[in-house]
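Q: First to last, the protein sequences are chains A and B.
Position 37 (the first sequence) corresponds to 37 in my numbering; numbering is contiguous.
Position 134 (the second sequence) corresponds to 1134 in my numbering; numbering is contiguous.
Quick reminder that beta carbons are idealized off the backbone N, C-alpha and C, glycines included.
Below you will find the structure I want to go over with you.
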Amino acid sequence: MTKEKIYEFMVGIFVELFELTEAEIHPEATLFDELGLDSLDMVDLVIEMQSQFGFKVERTMDEEKLRSIRTINDLCLMIEEKIKSGEIDVSGAKS
Amino acid sequence: MKYNRVLITGYAAISPYGVGAGKMFDGLFDNRSCVVNVKEEMGHRLKGSNCLVAAPIQSPPDFRGIPRKHRRNMGPLAELAYQVSLDALSHAGIPSDQVGSPELGLVFSSSTGSAQAMEDVFRVYLDSTAEQALPHSGSFFKIMSHTCSANVAHALGIKGVTYSVNSTCASSTQAIGIGYEQLKQGHQDIMICGGAEEMHPLVLSIFDLLQAASWKYNDEPTKTPRPFDAQRDGTVCGAGAGAFILETEESALKRGAQVYGEVVGYYTNIDPTSMAQSTHESIATCIRKGLKNAGVETHEIDYINAHATATIAGDISESQALTEVFGDLDVPVSSLKGHMGHTLAASGVLETMASLEMMLSGRLIPSLNLETPAQETASLHHVPAAGLRKKISCFLKNSFAFGGVNAVLIIKEYAK
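In structure tokens, the structure reads:
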């Protein structure tokens, strides 16, 4: 899955889940300040990403990483890393 | 201790007649029934139910205007609660900066958390083999028993006293009573008091299972329920929501608020005899204690808005209790269940609102579908089918619930 494809996928999630328009979303958009998300939205985002990409957020390993995420680009990088490490099987991802 | 006087300064409704208290008053005064056959819409989900009639909300509002951040935690129940609370504040003319005052509180009621949300969650959760089967973070916030009060408080920014009441059909009468007590004792200046009920097959099925739901009039839905009538065969479940703004006299006068009435008494008790219904003795005790708290004598009550859901046993118990307390006094009695069905947790607030309008207009609404009073209810002074013009200065509202919960309110015209 290319970087562009991951970003496109993520935009789709944000539009669907948070009722944002595509115009409001860009790679450096900050999740809390710019897009107005909160901690409950982050919970929903994790649930949705787990479902869409077929991975499990490990509380011991990933929570710290999630807390450091500020932008959509950060999220995309996290997904990219998980694909590279084989944690996400792209062939099993929903399309 | 000096107690505050408690005034009604605003209200709002979403009833089976649709959105707005005015729509409800028009429908009631026109004696229009809201009861419809729901076989087409809900029949496939009413497995084994004999009852196929209900009083759903006609033209329900579009809730998509509620900001997503709040809507994500609301089931249909909390959406209704939010809308009537917002509308009641507007009707009362409470400025938005006062809504966030620590002196403004909230008591909201519902029979349970959202039944639709419970269905949505458990349908996924119990069937799923996935590790993460809960659909989203808001799932529990829609189901929890205080979903109405919590969601309304968050969406409106309320910071005062907050309670949630969950005693099915007596819920919103208790909500008004609790709000009244908070104000009377000086804990708050303003209280939003309300109740909401969403339409779900679970509720209809439970009433049917308990043989408390009407089933003989499925093909003639507007002929049921029949409060106090000899041919009554049970109640009809409805949906809706309502909210009152109650306010201390001092607060209301200070801001020059329009006053619609004064809550002067409230009482609630429980009858441990049966889960399904209250005995006439416990109802009579509740009414007597309510009147005593109000400092009102029986001859001062000009109208009684009965609970009377049209169940065989319930109407008899209430009639016996009223006869015990009021004796031969000519106090007109009617029930609004024939018009709107039984809106359960919303019934207390909606029917109190309608009674308030009857008091303000001097016109009493009869019990729709009451043609021949059942022998056991014949001693009551039923409002004639054509209605009745009468000066009303004080009325009594009764509500009873599963579990044997009784609740009464006494409301008067306001005079300085």
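(1) Determine the extent of the beta strand (DSSP E) in which B/Pro1135 is found, giving its start and end residues.
(2) Give the interface partners of B/Ser1361 over in chain A, defined as CB-CB distance under 9 Å, in chain order.
(3) Between B/Ala1021 and B/Ser1015, what straight-line distance do the alpha-carbon atoms span, to the nearest angstrom?
(4) Is there at least one Cβ from chain A nearer than 8 Å to B/Arg1389's Cβ?
(5) B/Tyr1180 lies in the alpha helix (DSSP H); which residues open and close that run?
(6) I want to verify the contact list: residues of chain A whose CB lies under 8 Å from the CB of B/Tyr1226, in sequence order.
(7) Give me the Cβ distance between A/Ala29 and A/Leu37, rounded to the nearest whole Å; I'm assuming they're in contact under 8 Å.
(8) When you compare each of B/Arg1255, B/Lys1390, B/Ala1354 and B/Ala1345 to B/Asp1330 by their alpha carbons, which one comes out closest?
(9) Who are the Cβ neighbours of A/Ser95 in its own chain at under 8 Å, not counting the five residues just before and after it?
(10) Using a C-beta cutoff of 8 Å, does B/His1136 count as contacting chain A?
(11) Compare the beta carbon distance of B/Phe1228 and B/Thr1352 with 8 Å and say whether it is the shorter of the two.
(12) What does a CB cutoff of less than 7 Å around B/Ile1392 pick up in its chain, not counting 5 residues either side in sequence?
(13) What residue range is occupied by the uninterrupted alpha helix (DSSP H) comprising B/Ile1287?
(14) Cα-Cα, which of B/Asn1050, B/Asp1097 and B/His1136 is closest to B/Tyr1217?
(15) Counting only beta-carbon atoms, is A/Asp89 nearer than 8 Å to chain C?
(16) Please list, in chain order, all residues of the same chain as B/Gly1138 whose beta carbon is under 7 Å from its beta carbon, the five residues on each side excluded.
(17) Using the C-alpha atoms, what's the distance from B/Ser1251 back to B/Leu1275?
(18) Distance, Cα to Cα, B/Met1340 vs B/Leu1380?
(19) Can you give me the C-alpha to C-alpha distance between B/Lys1397 and B/Gly1242, rounded to a whole angstrom?
(20) Buried or exposed for B/Leu1209, please, with buried defined as at least 16 other CB atoms from any protein chain shown within 10 angstroms of its CB.
(21) Is the shortest distance between the beta-carbon of A/Lys94 and the beta-carbons of chain B less than 8 Å?
(22) Tell me which residues of the segment 1055-1069 of chain B have at least one Cβ-Cβ distance to chain A shorter than 9 Å, keeping chain order.
(23) 8 Å is my cut-off, CB to CB: does A/Ile72 come that close to chain B?
(24) Between B/Gly1157 and B/Gly1100, what straight-line distance do the alpha-carbon atoms span, to the nearest angstrom?
(25) Work out the CA separation of A/Met42 and B/Val1006 for me, nearest whole Å.
(26) If you run the structure through DSSP and keep just helix, strand and coil, what is B/Ser1096?
(27) Could you tell me whether any Cβ in chain B is nearer than 8 Å to the Cβ of A/Val11?
A: According to the structure shown:
(1) Here residue 1135 of chain B is taken as the residue at index 135 of the second sequence, counted from 1. That residue, B/Pro1135, is in no beta strand (DSSP E); it is neither H nor E in DSSP.
(2) On the second sequence, residue 1361 of chain B is found 361 positions in, with the first residue counted as 1. Scanning chain A for C-beta atoms nearer than 9 Å to the C-beta of B/Ser1361 yields nothing, as the closest lies near 44 Å away.
(3) Along the second sequence, read from residue 1 onward, the residue named residue 1021 of chain B stands at position 21. Along the second sequence, read from residue 1 onward, the residue named residue 1015 of chain B stands at position 15. Between the alpha carbons of B/Ala1021 and B/Ser1015 lies a distance of about 8 Å.
(4) Numbered from its first residue, the second sequence carries residue 1389 of chain B at position 389. It does not: the Cβ of B/Arg1389 has no partner Cβ on chain A nearer than 8 Å.
(5) For the purposes of this step, residue 1180 of chain B is identified with residue 180 of the second sequence, where counting begins at 1. Here the alpha helix (DSSP H) through B/Tyr1180 covers Ser1171 to Lys1184.
(6) Taking the second sequence and counting its residues from 1, the one referred to as residue 1226 of chain B is at position 226. The amino acid at residue 1226 of chain B is misidentified as Tyr; the sequence shows Arg. Here the premise fails: no neighbours, minimum Cβ distance about 46 Å.
(7) Start at 1 with the first residue of the first sequence, and residue 29 of chain A comes out as number 29. Start at 1 with the first residue of the first sequence, and residue 37 of chain A comes out as number 37. A/Ala29 to A/Leu37, Cβ: 10 Å. No contact.
(8) Within the second sequence, numbered from 1, the residue matching residue 1330 of chain B stands at position 330. Minimum Cα distance to B/Asp1330 is reached at B/Lys1390.
(9) Working through the first sequence from its first residue, we reach residue 95 of chain A at position 95. Annotation note: pLDDT 44 at A/Ser95 (below 50); position unreliable, coordinate value reported separately. Shown here for A/Ser95: not one same chain residue has a beta carbon closer than 8 Å to its own, the five before and five after excluded.
(10) Along the second sequence, one-based indexing puts residue 1136 of chain B at 136. Taking a beta-carbon distance threshold of 8 Å, B/His1136 counts as an interface residue toward chain A.
(11) Within the second sequence, the letter at position 228 stands for residue 1228 of chain B. Within the second sequence, the letter at position 352 stands for residue 1352 of chain B. The answer is no: Cβ separation not under 8 Å.
(12) In the second sequence, counting from the first residue as 1, residue 1392 of chain B sits at position 392. Answer for B/Ile1392: Asp1302, Tyr1303, Met1358, Met1359 and Gly1362, listed in chain order.
(13) Reading the second sequence from its first residue, position 287 is the one you call residue 1287 of chain B. His1280 to Ala1294 is the extent of the alpha helix (DSSP H) around B/Ile1287.
(14) On the second sequence, residue 1217 of chain B is found 217 positions in, with the first residue counted as 1. Of B/Asn1050, B/Asp1097 and B/His1136, the residue nearest in Cα terms is B/Asn1050.
(15) Within the model displayed, chain C is absent; protein chains A and B are what it includes.
(16) As a first step, residue 1138 of chain B is located in the second sequence; it is residue number 138 there, counting from the start. Excluding five sequence positions before and after B/Gly1138, the CB atoms of its chain that fall closer than 7 Å to its own CB belong to Arg1072 and Asn1073, given in chain order.
(17) For the purposes of this step, residue 1275 of chain B is taken as the residue at position 275 of the second sequence. For the purposes of this step, residue 1251 of chain B is taken as the residue at position 251 of the second sequence. Per the sequence shown, residue 1275 of chain B should be read as Met rather than Leu. Whole-angstrom Cα-Cα distance: 41 Å.
(18) In the second sequence, the residue the question calls residue 1340 of chain B occupies position 340. In the second sequence, the residue the question calls residue 1380 of chain B occupies position 380. About 22 Å.
(19) Position 397 of the second sequence holds residue 1397 of chain B. Position 242 of the second sequence holds residue 1242 of chain B. Approximately 15 Å, taken between the alpha carbons.
(20) Here residue 1209 of chain B is taken as the residue at index 209 of the second sequence, counted from 1. Burial call: exposed.
(21) Numbered from 1 along the first sequence, position 94 holds the residue referred to as residue 94 of chain A. Only weak support is given to the placement of A/Lys94: the predicted model assigns it a pLDDT of 49, under 50, and the value that follows is read from those uncertain coordinates. By the rule that beta-carbons nearer than 8 Å mark a contact, A/Lys94 does not touch chain B.
(22) Flagged, chain order: Arg1068 and Lys1069.
(23) As a first step, residue 72 of chain A is located in the first sequence; it is residue number 72 there, counting from the start. Not an interface residue.
(24) Residue numbering aside, residue 1157 of chain B sits at position 157 when the second sequence is read from its first letter. Residue numbering aside, residue 1100 of chain B sits at position 100 when the second sequence is read from its first letter. Between the alpha carbons of B/Gly1157 and B/Gly1100 lies a gap of roughly 5 Å.
(25) Numbered from its first residue, the second sequence carries residue 1006 of chain B at position 6. Numbered from its first residue, the first sequence carries residue 42 of chain A at position 42. So the alpha carbons of these two residues sit roughly 44 Å apart.
(26) As a position in the second sequence, residue 1096 of chain B is number 96, starting the count at 1. Residue state, collapsed to three classes: helix.
(27) Residue mapping note: residue 11 of chain A aligns to position 11 of the first sequence, counting from 1. No - not a single Cβ of chain B is within 8 Å of the one on A/Val11.
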